[in-house]
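All remarks here apply to the structure that follows.
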Amino acid sequence: MACPENMFFLIGLFMSGVLACFGQRDLIATMPDRLHVLTGSCMQIPCSFDIPHQNKYTFNSTILTSGVWIKENPYYSEHPDSVIFNSSKTVNRYQGKITGNMSQKNCTTVFFNVTTSYTNKYFFRIESQPFRSTDPDKSVDIVVRGKRQLLTNYLFQFIFLASNIRVEQMDSLTISVKYLYLQCITDLPSSPILTVSGEVKEGTLVSLNCSAVAPCPEHPPELTWTLPTQFTPENQLQENPDQTKSVLSTVAFTPSYLHHEKNITCTAVYPVGASNKTAEHNMMLNVSCKT
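Position 45, counted from 1, in the sequence shown is what the working numbering calls 45; the numbers after and before it change by one each time, with no gaps.
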């Protein structure tokens, strides 16, 4: 039996409603999946947004638009404390600023003096007139690397030298420790990436490349080299495919047989407050003979 035309109309209407509920987003935010940041430093979140076609006429870029960052739960009406930054407010939980041009749909944001409590996922929201929307399907995971405070409910890794531990009461497992050495594991910056372009051959010019992430482009890491020869490095701040930043240092030199099995080191020095944090990458040169 053929289906009546009005049934096809109802099916089409139903499917349109399903797609409207489940297949469309009022706001589409673009940002990295994850960022690693050093405690005490700043962090830049590359961010841009777009408005789907069905809402093009409700968003007016000429009207002042505020950017809002929400921690952990995108449905901030149920958890108002999850709003950590609103560009329309003068006082926020997190100190920061939107450096991007919101009228051009650039929501890049910088936060300052980050702490380990910032480790979480974050969602972005825009507020304008009459358009207001959060993208609940896209978030950025922030991982803050640094020494954690010795507080209850923090997860620690401990190193025990247990040669002088004795169990006095098994039922409650009360442990008396004569000598207890406790070390809080401190996360250091990620090691820079050290690569060689081409074969390291005696008498042939070769390039060494060292790159290190720059989560705070306002204060990027300084890259230094330790080489068994004289050199002049070329440094530049470059943008990665996910719009994060890295510092690239390149050294060109001509190896000789004297450089064979010599160590080279690239060190990244990150300014964090009044101090520095360092990470390095070592490599041994394997110089092939001239043919």
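Backbone N, C-alpha and C define an ideal beta-carbon position, used for all residues, glycine too.
Practice prompt. Specify, as a first and last residue, the run of the beta strand (DSSP E) that residue 53 falls within.
Written response: As a working mapping, residue 53 is identified with position 53 in the sequence shown. That residue, residue 53, is in no beta strand (DSSP E); it is neither H nor E in DSSP.
Discussion item. Counting C-beta neighbours from all protein chains within 10 Å, is the total for residue 91 16 or more, i.e. buried, or is it exposed?
Written reply: By 1-based counting over the sequence shown, the position of residue 91 is 91. By the neighbour-count rule (16 or more Cβ atoms within 10 Å), residue 91 is not buried but exposed.
Practice prompt. Taking only runs that begin and end inside the segment 178 to 239, name each unbroken alpha helix (DSSP H) of 4 or more residues, in chain order.
Written response: Taken in chain order, no unbroken stretch of alpha helix (DSSP H) lies wholly in the segment 178 to 239 with a span of 4 residues or more.
Worksheet entry | Exposed unless 16 or more other CB atoms sit within 10 angstroms - verdict on residue 241 | Sequence index remark: in the sequence shown, residue 241 carries index 241 (1-based). The residue is exposed, with fewer than 16 neighbouring Cβ atoms inside 10 Å.
Fill in: Strand pairing of residue 145, partner residues [DSSP]
Your numbering for residue 145 matches position 145 in the sequence shown. The partner list for residue 145 (beta bridge, DSSP) reads 38.
Practice prompt. Return the residue from the list 63, 123 and 100 that minimises the CA-CA distance to residue 82.
Written response: Residue mapping note: residue 82 aligns to position 82 of the sequence shown, counting from 1. When each option's Cα is compared against that of residue 82, the closest is 123.
Worksheet entry | Ranges of the beta strand (DSSP E) found wholly within the segment 57 to 139, counting only runs of at least 3 | 66 to 71, 83 to 86, 96 to 98, 109 to 111, 120 to 127 and 132 to 134
Practice prompt. Spell out a yes or no on whether the segment 223 to 237 and the segment 47 to 60 are touching, meaning 3 or more CB-CB pairs, one atom from each, closer than 8 angstroms.
Written response: no
Worksheet entry | Where the beta strand (DSSP E) through residue 266 begins and ends | If you number the sequence shown from 1, residue 266 lands on position 266. Here the beta strand (DSSP E) through residue 266 covers 263 to 272.
Worksheet item: Count the other CB atoms within 10 Å of the CB of residue 292; is the residue buried (16 or more) or exposed (fewer)?
Response: Because the chain is modelled from 1 through 291, residue 292 falls outside the range shown and cannot be assessed.
Discussion item. Using 8 angstroms as the cut-off, can you tell me whether the segment 264 to 271 makes contact with the segment 59 to 73, which would need three or more C-beta pairs spanning the two stretches below that distance?
Written reply: no
Worksheet item: Terminal residues of the continuous beta strand (DSSP E) containing residue 250?
Response: Counting from 1 along the sequence shown, the entry for residue 250 is found at position 250. Residue 250 -> beta strand (DSSP E) spans 245 to 253.
Worksheet item: Does the distance from the CB of residue 190 to the CB of residue 26 come in under 9 angstroms?
Response: Your numbering for residue 190 matches position 190 in the sequence shown. Your numbering for residue 26 matches position 26 in the sequence shown. Cβ distance not < 9 angstroms, so residue 190 and residue 26 don't count as in contact.
Fill in: Identity of the residues DSSP links to residue 256 by a beta bridge
As a position in the sequence shown, residue 256 is number 256, starting the count at 1. Paired residues: none, contrary to the question.
Worksheet item: From what residue to what residue does the beta strand (DSSP E) around residue 282 run?
Response: The sequence position of residue 282 within the sequence shown is 282, counting from 1. From DSSP, the beta strand (DSSP E) with residue 282 extends over 275 to 284.
Fill in: Test: residue 237 CB closer than 9 angstroms to a CB of chain D
The structure shown contains no chain D; it is built from a single protein chain.
Discussion item. Below 8 angstroms, how does it come out for the segment 32 to 40 and the segment 134 to 146: are there three or more Cβ pairs, yes or no?
Written reply: yes
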